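Beneath this line is the structure, given in structure tokens, with notes to follow.
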Amino acid sequence: MNLAAVRADVATIDELLREIAERPVDLSDPNWMATLRQAPAPVEEAGVTAEAAAALESLLDAYETGGSPTRAEVRDIFRDYGSFRWAAGLPNEWESARDFRRRLVHVSAVDQGSDPRDELVTIWSLCNRARELGIDVEPVLREVAELSSDADRYGFGSMRTLIMRGLEEHDLD
82 MNLAAVRADV ATIDELLREI AERPVDLSDP NWMATLRQAP APVEEAGVTA
132 EAAAALESLL DAYETGGSPT RAEVRDIFRD YGSFRWAAGL PNEWESARDF
182 RRRLVHVSAV DQGSDPRDEL VTIWSLCNRA RELGIDVEPV LREVAELSSD
232 ADRYGFGSMR TLIMRGLEEH DLD
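Sequential numbering of the sequence shown, starting at 82, is according to our numbering.
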């Protein structure tokens, strides 16, 4: 799959999201968290909801079906466009093993994001939810780990290693 057009779309979306992504949060305001929760999603505020969703789906489809060079290119796109990476996401609600896998693929494609610790907590949260739904997480983790990078970008382990840490069970509440 040629990702040049998707990259161009992501670059445009990223530019439109950048100001929102870099907007300071006044942590001295006691209601800062409520204010954030009540605000529209960044993609809505920027007017790029449909475009961001389409670009994200294209990237994840390419990541799942493409070979190693395609997956590396998708990882590069997420790395190069941090505002898009931050704002574009899958729906919060999900119920199936297919949805669980898609979310893990997204985490894998983001390839440790800005902080692998955040990605690890996301993996554990996804796995906890999947277990609550009766989903056998191990085969899904193994499948997605095979797609994941072996590069240890931050000295915290590779994405492949982090994905497999989803086998650990943690109470995150």
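C-beta: ideal position from N, C-alpha, C; glycine also. Note that the structure is a prediction, hence the values are computed from the model and not measured.
* Candidates T146, G163, E145: closest to D196 by CA position -> As a first step, residue 196 must be located in the sequence shown, where it is residue number 115. Among T146, G163, E145, the Cα nearest to that of D196 belongs to G163.
* Own chain partners of A167 with C-beta closer than 6 Å, once the 5 adjacent residues on each side are dropped -> For the purposes of this step, residue 167 is taken as residue 86 along the sequence shown, with counting starting at 1. Checking the sequence shown, residue 167 turns out to be Trp, not Ala. So the list reads A102, once near-sequence residues are dropped.
* Asked: Count the other CB atoms within 10 Å of the CB of P123; is the residue buried (16 or more) or exposed (fewer)?
  -> The residue you call residue 123 lines up with position 42 of the sequence shown. Under this definition P123 is a buried residue.
* Asked: Is the CB-CB distance between R241 and S229 below 8 Å?
  -> Here residue 241 is taken as the residue at index 160 of the sequence shown, counted from 1. Here residue 229 is taken as the residue at index 148 of the sequence shown, counted from 1. Yes. Within cutoff.
* Boundaries (first-last residue) of the alpha helix (DSSP H) holding S195 -> Walking along the sequence shown from the start, residue 195 turns up at place 114. Careful: S195 lies outside any alpha helix (DSSP H) and carries neither H nor E.
* Looking at the structure shown, is R104 part of a helix, part of a strand, or coil, going by DSSP? -> As a first step, residue 104 is located in the sequence shown; it is residue number 23 there, counting from the start. Reduced to three states, the DSSP call for R104 is coil.
* Asked: What are the start and end residues of each continuous beta strand (DSSP E) run of 3 or more residues lying completely inside the segment 103-179, in chain order?
  -> none
* Cα-Cα separation, P172 to S109 -> For the purposes of this step, residue 172 is taken as residue 91 along the sequence shown, with counting starting at 1. For the purposes of this step, residue 109 is taken as residue 28 along the sequence shown, with counting starting at 1. Approximately 30 Å, taken between the alpha carbons.
* Alpha-carbon spacing of D161 relative to R223, whole angstroms -> For this step, residue 161 is matched to residue 80 along the sequence shown. For this step, residue 223 is matched to residue 142 along the sequence shown. Their Cα atoms are separated by approximately 27 Å.
* Element boundaries [alpha helix (DSSP H), containing A64] -> Outside the displayed range of the chain (82 to 254) lies residue 64, so it cannot be described from this structure.
* Asked: Is it the case that the Cβ atoms of L185 and V155 are separated by a distance below 8 Å?
  -> The residue labelled residue 185 in the question sits at position 104 within the sequence shown. The residue labelled residue 155 in the question sits at position 74 within the sequence shown. Not closer than 8 Å, so no.
* To do: Within its chain, find whatever has a CB closer than 6 Å to the CB of V63; leave out the 5 residues flanking it on each side and keep chain order.
  => It is not possible to answer for residue 63, since the shown part of the chain is limited to 82 through 254.
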